[in-house]
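One structure is given here, and the rest of the page talks about it.
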Amino acid sequence: MARHLVAALLRSGDWCVRITDLAPNVAMEPDEDDGLLGAALRDGRATYISVDVCQLAQLTQALEGVDTVFHTATADQIKNNFNLHYKVNVEGTKNVIEACNKCKVKTLIYTSSSGVVFDGVHGLFGADESTPYPDKFPDAYTQTKAEAEKLVMRANGIDELLTCCIRPGSIFGPGDTLVPTLVSYGGMMIIVGDGKNCDDFVYVENVVHAHICAEKTLSTKDGAKRSGGKVCTFIAEQEKM
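Under UniProt numbering, think of the first position of the sequence shown as 1, with each following residue one higher.
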């Protein structure tokens, strides 16, 4: 999702984008190198900095002079390793918030997950922002994402930082690796349950649009009062899939 967000910000022409990631160098496909992202990295509209979200000093240096932070970093959801998820999702988010405060960042948008209110057993239909967190989480990923989400919401208004969380469902679209990987396996797929289980899916560009709309909302006085630290928006397609 983050790559699509970077591309959307650059396409708008209103942003200079500083990309941070754990990788030592930005990895681009040939079409990206020849396209918008490659051109932006060459002409200075985009810059890349290798940063470990668990290292406060690195984050603080990377966020110097930044107005808005889109915090999309997370550990691999497939790995049910509590220590890993806690380190990245919780401690990493604490570092992001502290770095934002130190650097006087105006806005922090956090990419959460609709799974933070799911207990892994009871289906949720018509859930909204008032749906409570479960008493028990099904895995380390959702538990630590929920903790990180709370940190971001509590940080709203501290040192004039405005915050908001976005809760997308299962993201699909260009660049997705899960579906192509499953297809490449071939053979027979396993259906868990009676085959009537439901899930929320959302197109990647709609998730990107939600992040940009959140930033625009927080940039206005009324929007900041209405949405800052208070609303975690669920993003999902309205069509059956």
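Note that CB positions come from ideal geometry on N, CA and C, so glycine has one too.
Nearest-angstrom Cα separation, counted from residue j out to residue i
i           : j           : result
residue 129 : residue 34  : 41 Å
residue 6   : residue 32  : 12 Å
residue 127 : residue 44  : 43 Å
residue 37  : residue 97  : 27 Å
residue 27  : residue 166 : 26 Å
residue 109 : residue 39  : 26 Å
residue 211 : residue 24  : 26 Å
residue 115 : residue 53  : 22 Å
residue 214 : residue 156 : 14 Å
residue 229 : residue 132 : 16 Å
residue 241 : residue 199 : Caution is warranted here: a pLDDT of 44 is assigned to residue 241, below 50, making its placement in the model unreliable, and no coordinate value can be reported.
Whole-angstrom C-beta distance between residue j and residue i, which should lie under 8 Å
i           : j           : result
residue 162 : residue 218 : 4 Å
residue 56  : residue 89  : With a Cβ gap of about 16 Å, residue 56 and residue 89 do not count as contacting.
residue 145 : residue 170 : The pair is not a contact, with the Cβ atoms about 14 Å apart (cut-off 8 Å).
residue 10  : residue 46  : 6 Å
residue 174 : residue 204 : 7 Å
Of the listed residues the options, nearest to residue i (C-alpha basis)
i           : options            : result
residue 111 : 142, 25, 99, 10    : 142
residue 76  : 214, 140, 194, 192 : 140
residue 221 : 107, 91, 101       : 107
residue 48  : 22, 72, 73, 100    : 22
residue 254 : 79, 101, 29        : This structure cannot speak to residue 254, because the chain is shown only from 1 to 241.
residue 153 : 14, 197, 176, 224  : 224
Residue i, enclosing beta strand (DSSP E) - first and last residue
i           : result
residue 21  : 17-21
residue 171 : 170-172
residue 68  : 68-71
residue 46  : 46-50
Terminal residues of the alpha helix (DSSP H) in which residue i lies
i           : result
residue 85  : 82-85
residue 109 : Careful: residue 109 lies outside any alpha helix (DSSP H), inside the beta strand (DSSP E) at 107-111.
- Give a yes or no on contact between the segment 116-124 and the segment 61-73, applying the rule of three or more CB pairs nearer than 8 Å. Three or more beta-carbon pairs separated by less than 8 Å are not found between the segment 116-124 and the segment 61-73, which leaves the two stretches without contact.
- Query: Taking three-plus beta-carbon pairs below 8 Å as touching, is the segment 191-200 in contact with the segment 146-155?
  - Reply: Counting Cβ pairs under 8 Å, fewer than three are found: no touch.
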